[in-house]
Amino acid sequence: MVKEAGVQKRCDKNRKRSKRRAIYCPIHGCHLDSVSQKYTLYTEKPEELQKRGINRQSALMLVASQTAVPLVGEWLEAFWCPHCQQTKWYYVKKLDNRKFEISPAPTALWQQAIGVKSTQGNPSVGEFTLRHSRMNRYQGIKDFIFIG
Ligand SMILES: [Zn+2]
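Here the sequence shown is numbered in the numbering used here, starting from 5 and rising by one per residue.
Structure below.
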């Protein structure tokens, strides 16, 4: 039996790192602390699914049957940056187990995450961050109820 030391090592590393993901502030490059749960992104557009490697027919079927199809490995999450002194919403894309790509969440995505189940009167990202950036970093998030 061949012992796969490499695999074992990789697992240990992941376990150690699982508490804090390698997500950094795009401005400061410092570690960001998550202050929200992950909010799944949904799409109603078959093209969006095709872009993610789903064939056209499956994409059409998914959209037809589910209306809002969750995008795997992509979500919205709020992070606190100690340098920005601000909570910001980011669009997070998981590239592999340890790599993430983040970008400030545009309003369109925010609405996409809220879902098609839709929700009048939810604040846009701008309004949301503006309102909550004045508040305590933990307080603000909790009063925002999301449908999932
Ligand atoms: Zn920052």
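Glycine is no exception: its CB is placed at the ideal position from the N, C-alpha and C atoms. Being a predicted model, the structure only gives us computed values, none of them experimental.
Terminal residues of the beta strand (DSSP E) in which residue i lies
| i | result |
| --- | --- |
| serine 1 | Past the boundaries of the shown model lies residue 1; the chain is included only from 5 to 152, so the question cannot be answered. |
| valine 39 | It is not in any beta strand (DSSP E) - valine 39 carries neither H nor E in the DSSP assignment. |
| isoleucine 106 | 104-108 |
First through last residue of the alpha helix (DSSP H) which encompasses residue i
| i | result |
| --- | --- |
| leucine 53 | 50-55 |
Where residue i sits in the DSSP three-state scheme
| i | result |
| --- | --- |
| cysteine 88 | coil |
| proline 30 | coil |
| leucine 99 | coil |
| arginine 24 | coil |
| tyrosine 46 | strand |
Proximity of residue i and residue j at Cβ, strictly below 7 angstroms
| i | j | result |
| --- | --- | --- |
| alanine 68 | glutamine 54 | no |
| isoleucine 27 | phenylalanine 104 | yes |
| lysine 42 | tryptophan 93 | no |
| glutamate 81 | serine 107 | no |
Problem - the region 78-88 / the region 28-36 touching (three or more Cβ pairs under 8 angstroms) - result: Flag = yes, the region 78-88 and the region 28-36 touch.
Problem - At least three beta-carbon pairs within less than 8 angstroms, the region 66-84 to the region 39-51 - result: Short answer: they touch.
Exercise for the section: With a cut-off of 7 angstroms, give the chain-ordered residues whose Cβ is closer than this to any heavy atom of ligand 1. Expected result: The set, ordered by position in the chain, is Cys29, Ile31, His32, Cys34, Cys85, His87 and Cys88.
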